[in-house]
Amino acid sequence: MKSTITTTLLLLLASMACLAENKTERQEIRISTDKVDLIFEVASDQRLYQIYLGERLSDTFDLTLLNRPECVSDNGTLEKRKREVYSCAGNEDYFEPALGIIHADGNRSSYLRFKEVKREAVKGGEEIVISLEDDQYPVKVDLHYVTYAKENIIKTWSILTHREKKNIVLTHMYSTMLYLEAAKYYLTEYASDWAEEVRQETQELTFGKKMVDTKLGSRANLFCQPFFEIGLNQPSQEQQGTVLMGTIGWTGNWRYTLEVDNNHLLCLLPGINPTASEYTLKPHTEFSTPEFIFTLSFTGSSSASRNFHDWAREYQIKDGMGQRISLLNNWENTYFDFDEEKLAECMKEANNLGVDLFLLDDGWFGNGDNAREGDYAGLGDWEVNHQKLPNGIPGLVKKAKESGVKFGIWIEPEMINPRSELMAKHPDWVIRQPNRDTYYYRNQLVLNLSNPQVQDYVFNVVDCIMTENPEVAFFKWDCNAPITNIYSSYHGSLQGNLYIDHAQGVRNVMKRVAEKYPHVPMMLCSGGGGRCDYESLKYFTEFWCSDNTDPVERIFIQWGFSKFFPAKAMCAHVTSWNKSASVKFRTDVASMCKLGFDIGLKELSADELEYCKKAIANWKRLNPAILEGDQYRLVSPYETNHMAVNYVSKDKREAVLFAYDVHPRFSETLYKVRPQGLDPNAMYKIEEINLMPGNSSNLKLNGSVVSGEYLMKVGLDAFTCHSMHSRVITFVRQ
Ligand code: DGJ
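In the numbering used here, the protein residues as written are 20 to 753.
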């Protein structure tokens, strides 16, 4: 009895203290978009805590009601000191730290305290920089948050500097730390492999840590894509529910740690993977983490994706608002077996097809014993193969011009074959073990881009081509090998810095190239979709989603990538993969992204060629919807035997629906497809396009004019029971 009274009294006193505290001035830092609030508070000891992450609070009075970091919670229990914004190793928070430092004197603890906050308007929103400092060591961390109000995107990263007498060592280097609170958490992640990119998988997160990471150094996303979704209370759904979607901009080793603690709070830590990367930082130098970009949606992942698409086009991707060009690539048509004459034929085919550019792939360089006749030689020797191409690249540019198309070229400048002149000249430029057997991936090794001399060499690969041939109008920048032999002769005893310095070196070169050639479109490629992050995309206009161009597989791959990337950044080519699928089906699938072809026209019948020409013209006409508009994922291939998406131009004048029957069951019940994003009050003419010559549409309502409301509420009978069947249907406002 006595103890009950004592407890009640204590709780009462604590509640009064809490009320009193609520009256004292609170130092809050509010980071907001139109729909999201992330709110921090400085505690009395100047440490910084997250007090809210959720739907934006419209009444500022409500902010005063939020739990304080050192307060008694609503149910009267004492709230533990949790949710520190950038918690460090060695403190009393026993979970994964955002930052780990070994100070110059060997001390492994850090406590960061609030110093100041600065706000500045930037394009699209506001940048908030919160400065924290350790009170015992001269270490400063600036937490950066850029908010994009309209798109509901927040971009965040951290910059660390120190003035200790000697070097410090970083053991944990996360970009940020965010806390989520829900009864259940579901992680959707995207496992990958060559030709199997973006395999969507969902699991519940329960107590403990889940890590999603990569340790490949380069071609970093081969096994795992750098993006994820967290569904709160339910697995992430397309059209409803709360979901956080995030992605990191880093070409190197990244890690997401998701930790559910003893109080069922989820802490999310995106950042650099510390494996084999204890980073030694000299005094007065700056260490910047990668950017982590996230959105929080309360209406499912489809709208969250549109947030990403709008933001990426407007603020992040190279020439994000610019046009994209269609192309014909020769890789799958010729592989390494070509000469000038054969390529000239391909250029004529490109023109005949109606695409804008001919893209010359691998195999145009290296001479003598090092000629690039296969993937075993030549990488590093970026001189044109004089035997194959006696008139060099200028000769090819001229031929392309005569054929009425632009000319683009493939490079893989970060890599080297041991069979190359470069290897003979600069063995020290290569990442490889001095005292162990070398492990090769695709017969090649990775150049050490931490070395500024190597950065210059790689930059010059592009610069020399452009200087000799200013009319080169496109680059495909490939990256086929991971780092397999981690050792750098450039780093001496600081081997822990290699992975990170290398990734920064890659970024420096990409940046330099983009600054010098801002108007040249460039495709990121990494043996397919092994590199597609939002740091690289600042310097590239698009990326190659996968070497797997089987349209059935592409339906899944493109579905996954579309969660985070706009169609205009996703390259999709029509090839000969899966010949049991019609050319129409293959082309319709590629038409949902940045369309290209990688096929010899001799493989096509006259009807198929005519069909392709029309489909290209349709795709170009529909660019305002497909590339610049809003995308709605309607029917998931993961949940049905079909798939459907529609795109609507920003002015809602024109929309296009892509409906696919992948492998429907015999006599399966078919449901209507209801497009979204149309103007409900406008009248739209329905027309099925991309029909094979001689075929007419049997789509019900084809040619009719109906309201946007009808289409969105009732829908269309767009699916069939035929395997690998596709329909492309336009809605044009009358
Ligand atoms: C891998 C790419 O993904 C292919 O498209 C092609 O460019 C080859 N490399 C060339 O070696």
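Ideal Cβ positions, reconstructed from N, Cα and C, are used throughout, including at glycine.
Small disclaimer: the values here were computed from a predicted structure and weren't measured.
Closest to residue i by CA distance: which of the options is it?
{"i": "E647", "options": "H682, E629, S601 and A588", "result": "A588"}
{"i": "G387", "options": "G399, D380, N404 and A609", "result": "N404"}
{"i": "D520", "options": "K530, W563 and G271", "result": "G271"}
{"i": "S316", "options": "N326, T308 and I120", "result": "N326"}
{"i": "T79", "options": "L162, R693, L735 and S51", "result": "S51"}
{"i": "K301", "options": "I120, I484 and Q69", "result": "I120"}
{"i": "E170", "options": "Q335, S129, H682 and K671", "result": "Q335"}
{"i": "K758", "options": "G397, C564, P537 and I645", "result": "Residue 758 cannot be examined here, being either before or after the span of the chain that is shown, 20 to 753."}
{"i": "A634", "options": "E707, Y703, K229 and T304", "result": "E707"}
{"i": "I435", "options": "T299, G547 and L468", "result": "L468"}
{"i": "I249", "options": "K229, N240 and L241", "result": "K229"}
{"i": "C243", "options": "Y275, G427, Q259 and A419", "result": "Y275"}
{"i": "E44", "options": "V61, K54 and D53", "result": "V61"}
{"i": "E220", "options": "T314, E359 and Q256", "result": "Q256"}
Which of helix, strand or coil does DSSP assign to residue i?
{"i": "N527", "result": "helix"}
{"i": "P570", "result": "helix"}
{"i": "G295", "result": "As written in the sequence, residue 295 is Ala, which differs from the Gly given in the question. Correct three-state label for A295: coil."}
{"i": "Y130", "result": "coil"}
{"i": "Y558", "result": "coil"}
{"i": "S106", "result": "coil"}
{"i": "E216", "result": "coil"}
{"i": "L653", "result": "strand"}
{"i": "R746", "result": "strand"}
{"i": "C243", "result": "strand"}
{"i": "D447", "result": "helix"}
{"i": "A588", "result": "helix"}
{"i": "V532", "result": "helix"}
{"i": "W401", "result": "coil"}
State buried or exposed for residue i, treating a residue as buried only when at least 16 other CB atoms are found within 10 Å of its CB.
{"i": "G511", "result": "exposed"}
{"i": "Q474", "result": "buried"}
{"i": "R182", "result": "exposed"}
{"i": "K234", "result": "buried"}
{"i": "S320", "result": "buried"}
{"i": "F738", "result": "buried"}
{"i": "K42", "result": "For K42, the predicted structure reports a pLDDT of 44, less than 50, and the residue's modelled location is therefore unreliable. The matter cannot be settled from this model."}
{"i": "L84", "result": "exposed"}
{"i": "M611", "result": "buried"}
{"i": "F685", "result": "exposed"}
{"i": "Q258", "result": "exposed"}
{"i": "P446", "result": "exposed"}
{"i": "E74", "result": "exposed"}
{"i": "V654", "result": "buried"}
Thinking C-beta only, is residue j closer than 8 Å to residue i?
{"i": "A202", "j": "M264", "result": "no"}
{"i": "M743", "j": "F584", "result": "no"}
{"i": "F246", "j": "T266", "result": "yes"}
{"i": "G268", "j": "P293", "result": "no"}
{"i": "E103", "j": "R66", "result": "yes"}
{"i": "L620", "j": "N371", "result": "yes"}
{"i": "S595", "j": "I618", "result": "yes"}
{"i": "V571", "j": "V675", "result": "no"}
{"i": "L464", "j": "R451", "result": "yes"}
{"i": "E490", "j": "R343", "result": "no"}
{"i": "V602", "j": "C631", "result": "yes"}
{"i": "A369", "j": "F377", "result": "yes"}
{"i": "Q69", "j": "Y198", "result": "yes"}
{"i": "L513", "j": "T299", "result": "yes"}
{"i": "R693", "j": "M731", "result": "yes"}
{"i": "I484", "j": "I412", "result": "yes"}
{"i": "L277", "j": "L346", "result": "no"}
{"i": "I705", "j": "F677", "result": "no"}
Taking residue i as part of the beta strand (DSSP E), name the residues at either end of that continuous run.
{"i": "T318", "result": "Unbroken run through T318: none, as it is neither H nor E."}
{"i": "Y630", "result": "Looking at the DSSP string, Y630 is not in any beta strand (DSSP E); the run it does join, the alpha helix (DSSP H), is A625 to R640."}
{"i": "N186", "result": "That residue, N186, is in no beta strand (DSSP E); it is neither H nor E in DSSP."}
{"i": "D153", "result": "G144 to D153"}
{"i": "Y476", "result": "That residue, Y476, is in no beta strand (DSSP E); its alpha helix (DSSP H) goes P471 to E487."}
{"i": "N371", "result": "Where N371 is concerned, there is no enclosing beta strand (DSSP E), although the alpha helix (DSSP H) it sits in stretches over E359 to L372."}
{"i": "W350", "result": "Counting along the chain, W350 falls outside any beta strand (DSSP E), though it belongs to the alpha helix (DSSP H) covering W350 to T353."}
{"i": "E47", "result": "Q46 to S51"}
If you follow the alpha helix (DSSP H) that residue i is part of, which residue opens it and which one closes it?
{"i": "P417", "result": "It should be pointed out that residue 417 corresponds to Lys in this sequence rather than to Pro. G411 to S422 is the extent of the alpha helix (DSSP H) around K417."}
{"i": "G727", "result": "G727 to K732"}
{"i": "R605", "result": "V602 to A609"}
{"i": "D81", "result": "T79 to T83"}
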